[in-house]
Amino acid sequence: MRLTVIGTGYLGAVHAACMAEIGHDVLGIDVDARRIKALAEGRAPFFEPGLDEVLARNVASGRLRFTTCLREAAGFSELHFVCVGTPQHGDSPAADLSHVDAVIDGLALHLRQDALVVGKSTVPVGTAERLTARLAAHVPTGIKAEVAWNPEFLRQGLAVHDTLRPDRLVAGVTTARADAVLRAVYAPMLTAGVPYISTDPATAELVKMAANSFLATKISFINAMAEVCDTVGADVVTLADAIGHDPRIGRRFLSAGLGFGGGCLPKDLRAFAARAQELGVDHAVSFLRQVDEINLHQRWRTVTAARDLVGGDLVGHRIAVLGATFKPDSDDVRDSPSLTVAAELHRQGAEVRVHDPQGIENARTALPGPHYEDEVSEACRDADAVLHLTEWSEYRSLDPDALAALVHTPALLDARNSLDTGRWVSAGWNVRALGRPATAPYPDFRKPSVTTPRTWQP
Ligand code: UGA
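Mapping of the sequence shown onto this note's numbering: residues 208 to 665, in sequence order.
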């Protein structure tokens with residue numbers, strides 16, 4: 208099938224490449240000429256494991272091409288996937304839909320044939336209905352344009368895998384024709400047994416919001432438990448393991464620590480709550496505000512723990528920050544908890560040295576203040592404390608003995624609860640974590656030196 212993918216960010220570039228990979232003839236479109244140039248050369252303009260190979264293979268085969276011209280896209284196919292960003296609005300918690308609206312207006316202007324426009328971006332419920340009216344008002348007379356919604360559930364870092372082998376496909380459609388087109392697009396997945404849920408656009412839009420809200424709620428739940436654990440000297444990791452054995456609860460997304468960030472969960476929570484307010488059902492999802500608040504509070508708890516680790520005052524202390532991205536296997540620093548913590552440590556007078564395997568360039572642009580180091584050893588040299596903030600696998604294989612010889616004081620805060628802290632303690636490190644008892648004598652984290660506010664202004 209011929210199809211276009213409009214918007215080639217973390218979502219669209221992967222969707223375009225994977226649609227070509229399963230045999231479609233794909234044209235990717237973006238307003239960013241530099242991004243399009245890289246993609247047209249078969250290179251991902253960001254770090255996503257496995258994407259370069261899929262891009263290169265399909266660009267070389269001619270099945271995958273890229274352009275900045277929306278008019279070319281309108282003429283290329285009758286099927287258009289919309290994958291542009293829906294970030295948080297600059298001055299409110301709601302989603303900013305200006306990119307989606309601009310695509311619809313641009314397509315409407317150039318359409319010379321009937322079209323099925325399939326949204327994949329995460330949007331507030333009711334968007335497909337609104338866009339249907341917007342499109343109808345602008346397309347030339349005689350042209351029929353339909354809108355469907357097909358939310359995406361891929362995880363950054365695993366995006367190629369998740370797109371080629373999704374857990375489920377959800378199609379929000381208003382006609383049998385649109386349903387048939389989407390079934391044909393995803394035929395290889397359907398043949399492989401991937402569940403396909405056909406529903407109305409409003410339900411499809413809500414499925415995505417509900418999924419991300421549920422995942423965020425799970426993380427904030429375990430982080431709330433971590434705070435209770437800190438008060439009584441209990442261990443949140445054991446608690447998560449124990450409750451996670453119950454298949455009704457499950458262990459996944461129950462890793463306590465610094466909390467969630469990125470370009471999706473935080474802004475989707477806020478957008479969902481904002482949309483619910485517009486719809487007059489604010490009360491139904493008011494708990495999402497608390498989920499957000501618990502999450503942001505983890506950043507403050509981490510700063511407090513770091514400050515306690517160096518004796519109660521950060522001024523003049525050298526702090527090594529391991530990890531800048533919002534999660535491992537990504538270079539994305541959007542709403543990164545690690546960077547928020549680094550920024551606050553820097554603001555409070557610490558000399559912050561940040562290492563990240565892939566995210567340094569983006570981090571330096573987003574947060575110019577700290578020093579950025581290409582080597583873990585340089586970030587840790589003469590440090591008064593080492594903070595483990597993003598759980599890259601390479602940090603798990605660090606040698607605590609070798610690092611102990613480099614730092615000024617062997618003090619570690621594992622804010623992701625994912626290091627083998629026993630090894631660090633054996634190497635003489637004073638180890639702290641969030642929601643776990645201290646593994647070396649140290650000023651008691653249960654009694655933070657400063658009363659912490661419940662909210663955090665990122
Ligand atoms: C998330 C969803 O998981 C995807 O299903 C969805 O498609 C995507 O948003 C989206 O809306 O586009 P992603 O943002 O890639 O995917 O990241 P996650 O793997 O969900 O992790 C989000 C954050 O939660 C990270 O900062 C991670 O460190 C944190 N996290 C995750 C925890 O703090 N604890 C956990 O147990 C799991």
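Every residue gets a Cβ at the ideal spot worked out from N, C-alpha and C, and that includes glycine.
With a 10 Å radius around the Cβ and a threshold of 16 neighbouring Cβ atoms, Phe494 comes out exposed. Glu485 and Thr646 have their alpha carbons spaced roughly 48 Å apart. Between the ligand UGA and Leu422, a heavy atom-to-CB distance of less than 7 Å is present.
Following the DSSP letters along the chain, one finds Arg560 in no alpha helix (DSSP H) but inside the beta strand (DSSP E) bounded by residues 558-562. Of the residues assessed, Phe421 falls on the exposed side of the cut-off, its CB having fewer than 16 other CB atoms within 10 angstroms. If you draw a 10 Å sphere on the C-beta of Leu316, you find fewer than 16 other C-beta atoms in it, and that means exposed. Comparing alpha-carbon positions, the option among Pro395, Lys425, Glu279, Asp437 lying closest to Arg455 turns out to be Lys425.
Within the DSSP secondary-structure output, Gly379 pairs in a beta bridge with Trp356, Thr406. In chain order, Ala513, Arg514, Leu552, Gln555, Gly556, Ala557 place their CB closer than 8 Å to the CB of Leu521, counting only its own chain and leaving out the 5 sequence neighbours on each side. Comparing alpha-carbon positions, the option among Val221, Thr509, Ile429, His504 lying closest to Val367 turns out to be Val221. Buried is the label assigned to Pro577, since at least 16 other Cβ atoms lie within 10 Å of its Cβ. Within the chosen limit of 7 Å, the ligand UGA reaches the beta carbon of Asp475 through at least one heavy atom. For Ile426, the CB falls within less than 7 Å of some heavy atom of the ligand UGA. Closest in alpha carbon position to Leu318, among Asp538, Leu286, Thr370, Gly292, is Leu286. Linking Leu376 to Met226 through their CA atoms gives a straight-line distance of about 14 Å. Judged by beta-carbon spacing, Val324 lies beyond the 8 Å limit of Val380, meaning their Cβ atoms are not closer than that value. With distances taken between CA atoms, His296 lies nearest to Pro331 out of Leu516, Glu568, Pro331, Thr410. For Ala418, the shortest separation between its Cβ and any heavy atom of the ligand UGA lies below 7 Å. Counting only residues of its own chain and dropping the five nearest sequence neighbours on each side, Asp386 has a CB closer than 7 Å to the CB of Ala378, Val380, Ser405. Classified as exposed, Val439 has fewer than 16 neighbouring CB atoms from the shown chains inside 10 Å of its CB.
Relative to the non-hydrogen atoms of the ligand UGA, the Cβ of Gly530 never comes closer than 7 Å to any of them. By the neighbour-count criterion, in which 16 or more other beta carbons inside 10 Å mark a residue as buried, Asp581 falls on the exposed side.
Ranked by how close their Cα comes to the Cα of Gly326, the residues His306, Ala245, Ala344 have His306 in first place.
Here Gly523 is exposed, its C-beta having fewer than 16 other C-beta atoms within 10 Å. Excluding its 5 nearest sequence neighbours in each direction, Ala586 has C-beta neighbours in its own chain below 6 Å: Ala527, Arg560, His562, Glu580, listed in chain order. In terms of Cα proximity to Arg630, the closest of Ser604, Phe360, Ala612, Arg390 is Ser604.
According to the DSSP secondary-structure assignment, Thr211 is paired through a beta bridge with Leu234, His287. If you compare the alpha carbons of Pro564, Ile567, Ala418, Trp507 with that of Val548, the shortest gap goes to Trp507. The ligand UGA never approaches Gly566 closely enough for any of its heavy atoms to be under 7 Å from the residue's Cβ. According to DSSP, Val392 shares a beta bridge with no other residue. If you check the C-beta of Lys327 against the ligand UGA, you find no heavy atom less than 7 Å away.
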